[in-house]
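Below: one structure, written as structure tokens.
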Amino acid sequence: MENLYCLRCNRELEAGRKSVAMYMFAQTVGIRPRQKSAAQRICFCPQCSVSLAMGPPPEGALNVAAWNMIRELVGSDPALNQAAWENLRGVVGLLPATGTDGVPRRASGEGYFEF
Ligand SMILES: [Zn+2]
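Here you go:
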């Protein structure tokens with residue numbers, strides 16, 4: 166399975182990582198033969214999902230439709246906020262403490278953000 170990337174911040178989202186996925190496809194209506202496009206999968210990491218939901222409505226009817234769906238998810242349960250919060254804590258943990266030798270700790274390989 167291919168790795169996916171957050172549409173907003175380009176963060177890599179491995180399979181099974183907490184994220185919000187949107188599926189979109191188009192199909193003809195009232196036209197024979199009926200045609201249906203392949204489904205596109207669009208992903209957002211938890212931080213971007215929460216940030217988008219809290220932010221002002223975007224421009225464009227499609228964007229507003231997607232924004233409303235994300236807002237519904239973020240607003241209906243705190244689990245997504247929690248996931249974003251956990252990710253932020255992980256990023257803070259990567260920063261070197263002030264007054265140390267200044268050698269930043271690197272995230273060694275994948276899995277640092279696993280919960
Ligand atoms: Zn993101």
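Be aware that the sequence shown starts at 166, since it is given in our numbering, and climbs by one per residue.
Virtual Cβ for every residue (Gly too), placed ideally from N, Cα, C.
By Cβ distance below 6 Å, which residues in the same chain neighbour residue i in space, the five residues on each side in sequence not counted?
{"i": "Val215", "result": "Val239, Asn246 and Ala249"}
{"i": "Gln192", "result": "Lys201"}
{"i": "Tyr170", "result": "Glu177"}
Which value, in whole angstroms, describes the spacing of the CA atoms of residue i and residue j?
{"i": "Glu179", "j": "Gly195", "result": "39 Å"}
{"i": "Met234", "j": "Tyr188", "result": "11 Å"}
{"i": "Ser184", "j": "Gly220", "result": "18 Å"}
In this structure, does DSSP put residue i in helix, strand or coil?
{"i": "Leu253", "result": "helix"}
{"i": "Cys174", "result": "coil"}
Which same chain residues end up closer than 8 Å to residue i when comparing Cβ atoms and leaving out the 5 residues on each side of it in sequence?
{"i": "Phe190", "result": "Lys201, Ser202, Ala203, Ala204 and Gln205"}
{"i": "Asn168", "result": "Glu177, Leu178, Glu179 and Ala180"}
Please identify the residue among the options whose C-alpha is closest to the C-alpha of residue i.
{"i": "Phe209", "options": "Glu251, Arg254, Arg199 and Trp232", "result": "Trp232"}
{"i": "Asp242", "options": "Gly225, Pro211 and Ile207", "result": "Pro211"}
Whose C-beta lies closer than 7 Å to the C-beta of residue i among residues of the same chain, with five residues either side of it excluded?
{"i": "Cys213", "result": "Cys171, Arg173 and Cys174"}
{"i": "Pro112", "result": "Limits of the chain in this structure are 166 at one end and 280 at the other, which puts residue 112 out of reach."}
{"i": "Phe280", "result": "Reliability fails at Phe280, whose pLDDT of 46 lies under 50, so the model's placement of it is uncertain and no value is given."}
Quick check: does the Cβ of residue i come within less than 8 Å of any heavy atom belonging to ligand 3?
{"i": "Arg176", "result": "Ligand 3 is absent from the structure shown, which contains only ligand 1."}
I'd like the ranges of any alpha helix (DSSP H) spanning at least 4 consecutive residues and lying wholly in the segment 178–248. 211–219 and 226–241
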